[in-house]
Amino acid sequence: FTFNLMAEAPRTFPRVLRHFSVATITTLESGKPYSYRAGTDVNHDFLNTTDRVGLSGRNVFTGPGYASVDIRISRRISLSERVSLELIGEAFNVFNRFNVQDINDVYGRQTFDQPPLATFKTPTAAFDPRDIQLAVKLKF
Numbered sequence: 001f002t003f004n005l006m007a008e009a010p011r012t013f014p015r016v017l018r019h020f021s022v023a024t025i026t027t028l029e030s031g032k033p034y035s036y037r038a039g040t041d042v043n044h045d046f047l048n049t050t051d052r053v054g055l056s057g058r059n060v061f062t063g064p065g066y067a068s069v070d071i072r073i074s075r076r077i078s079l080s081e082r083v084s085l086e087l088i089g090e091a092f093n094v095f096n097r098f099n100v101q102d103i104n105d106v107y108g109r110q111t112f113d114q115p116p117l118a119t120f121k122t123p124t125a126a127f128d129p130r131d132i133q134l135a136v137k138l139k140f
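Residue numbers for the sequence shown follow this note's numbering, beginning at 1 and rising by one.
Encoded structure:
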């Protein structure tokens, strides 16, 4: 799910508030499906990255979801008839949510009779944390 919104201050606002614009993008995603991988060559096909544990099915568990809110605030300032300046402030992942990009799906055993490795289902990669940037754009 993605939601976009852009709003610009109307010309009827007081002069100080004119030429402001605000934009936001909100993204919500469900978790990605994963399979329990053995991490060893269980079926002796010389591929140890595709073998699943025991008789487990494909994509039997779901990883964590993704949520992010990005915002942009800008203001245009006219310097002359043909020249203007735009002040921009942007923030990505405003709420600084820890969004998992990938998890360790290696169970580490050939059957479910034994407990999994301690690193099983732990994050191996994450999306960027909050990021804030400021910019000035000169238009002529």
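Positions of the beta carbon are idealized from the N, C-alpha and C atoms, including for glycine. Remember, predicted model here, so these are calculated numbers, not experimental data.
- With a beta-carbon spacing of about 15 Å, V53 and T119 fall beyond the 8 Å limit used to define contacts.
- F127 and G57 have their C-alpha atoms roughly 28 Å apart.
- Excluding the 5 residues flanking it on each side, L134 has same chain C-beta neighbours closer than 6 Å at G89, in chain order.
- Taking a cut-off of 8 Å for Cβ pairs, the stretch 80 to 95 and the stretch 31 to 39 do not touch, as fewer than three such pairs fall below it.
- Bounds of any beta strand (DSSP E) do not take in E81, whose DSSP letter is neither H nor E.
- If the five residues before and after P129 are omitted, its C-beta is found closer than 6 Å to the C-beta atoms of N96, all from its own chain and listed in chain order.
- Residue pairing of N99 in beta bridges, as defined by DSSP: absent, with no partner found.
- Contact annotation: V22 and I71 have beta-carbon atoms nearer than 9 Å.
- The straight-line gap separating the alpha-carbon atoms of T50 and T26 is approximately 35 Å.
- Secondary structure of V136 (DSSP, three-state): strand.
- For L28, the enclosing beta strand (DSSP E) begins and ends at F20 to E29.
- When C-alpha distances from E81 are compared across T2, F46, F140 and I73, the shortest belongs to F140.
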